[in-house]
Amino acid sequence: MSEQRSLPVPDGLEGERLDAALSRLFGFSRTRAADLIAGGDVLVDGRQPAKSDRVHGGAWLEVTLPPPVTTPMPVAEPVPGMTIVYEDDDIIVVNKPIGVAAHPTVGWTGPTVIGGLLGAGHTIATSGAAERQGIVHRLDANTTGAMVVAKSEHAYSHLKRAFKERTVDKRYHALVQGHPDPFRGTVDAPIDRHPSGDGRFAVVAGGKPSVTHYDTIEAFRAASLLDIKLETGRTHQIRVHMSALRHPCVGDLLYGADPTLAARLGVTRQWLHAVALGFEHPSTGEWMSFSTDYPADLQKALDMVREES
């Protein structure tokens, strides 16, 4: 059921674009704000405005908010290509393939890690929101590699705390365009949603603290293979930080990669793989490390880059 909201524009938003003001007032994206304005669901002093109109303190806003979107629940069905690296009573480590999200989200209709595990008969911890039970960290849908899921409630609590306290060793390999200078370094730059509201993230003043360490494994003519260690775990962190260095992941068109190079190498997504994951076992306290091989599409592109160098 739609919700009607009526309120004056706060003085602190004086001069802001209407779509930006709505975004700040209601906490949704500027894209969603623009859609509401275009749909006639926003009135300013009784008139239908344009999204680029500037607002004035005290102007009367009337907004019709659509009903909240409910997050879909996991569909229990096996995921082709998702392999089990390790499993015991507390944890299960998978090698996540391309095109698989960690858990269901609004707008995602493809397979999920949690749905794949349930479909294959594995038990998952019931802690966490219903649509992402057992999920203690995530990989982007098109980022492949090692991911751990909690099976017991004890493991869920332990691993959530470990990720929060940054005691988990998260290692990625990324093939990036060009040659980072220096070859080894740290990117310490805050990340938040891109101001455009188009789903991207960006280095933004006042964003969440984000730290990425990188080291060049091998340099080629057109690209470099990096070993990356994450200190924090922000959405799209590696992709955003590499793009900010002007060395985006090969194939990552969303963050400025060269489409010609991607096409030549046959890469249809970001060249980024979660190669290793290490953490203390929730029950034994033993340090456990798991590694995963590159999937075929990334290995083929890497071989081509090597041959061209």
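Be aware that the sequence shown starts at 1, since it is given in the UniProt record's numbering, and climbs by one per residue.
Beta carbons: idealized from backbone N, C-alpha and C, even for Gly.
Model, not experiment: these values are computed from the prediction.
Taking C-beta atoms as the reference points, V148 and I217 fail to come closer than 7 Å. Between V203 and A244 the beta-carbon gap is near 5 Å, inside 8 Å, which marks them as a contact.
Contact between R239 and Y255 holds: CB atoms are separated by about 5 Å, below the 8 Å threshold. By the Cβ rule, the region 57-70 does not count as touching the region 78-88, because fewer than three pairs are nearer than 8 Å.
Counting C-beta atoms within 10 angstroms of its own C-beta, E3 has fewer than 16 neighbours from the protein chains shown and is therefore classed as exposed.
Here T105 is actually not in contact with P74; their C-beta atoms are around 11 Å apart, not less than 8 Å. Boundaries of the alpha helix (DSSP H) around K164: 153-164.
Note on R246: under 16 other CB atoms within 10 angstroms of its CB, so exposed under the neighbour-count rule. Counting only the Cα atoms, I135 lies some 8 Å from Y156.
For E131, the closest of K151, T260, H158, A102 by C-alpha to C-alpha distance is A102. Here F26 carries a helix assignment [DSSP, helix/strand/coil].
Residue pairing by DSSP puts H173 in a beta bridge opposite D227, H273.
Straight-line spacing of the CA atoms in G57 and E14 works out to 5 Å.
Between the C-alpha atoms of K160 and M242 there is a straight-line separation of about 26 Å. In this structure, the alpha-carbon of F163 lies about 16 Å from that of Y172. Annotation: H122 to K96 spans about 15 Å, alpha carbon to alpha carbon. Residue state for D192 is assigned as strand, using DSSP reduced to three classes. Residue pairing of R17 in beta bridges, as defined by DSSP: R54. Nearest to D252 by alpha-carbon distance, out of N142, H281, I114, is N142. In the three-state scheme derived from DSSP, where H, G and I count as helix and E and B as strand, Y294 is classed as coil.
The secondary-structure analysis by DSSP pairs H213 across a beta bridge with T186, K229. Nearest Cα to G178 within the set I191, K151, A223, A274: A223.
Going by beta carbons, V55 and V9 fall inside the 7 Å limit. For K208, DSSP records a beta bridge to I191. Residue environment analysis places E165 among the exposed positions, since fewer than 16 neighbouring C-beta atoms fall within 10 angstroms of its C-beta. Contact between S23 and A38 fails: their C-beta atoms lie close to 15 Å from each other, not under 8 Å. A straight-line Cα-Cα distance of about 21 Å links E77 and D89. Residue range 144-150 is occupied by the beta strand (DSSP E) that includes G145.
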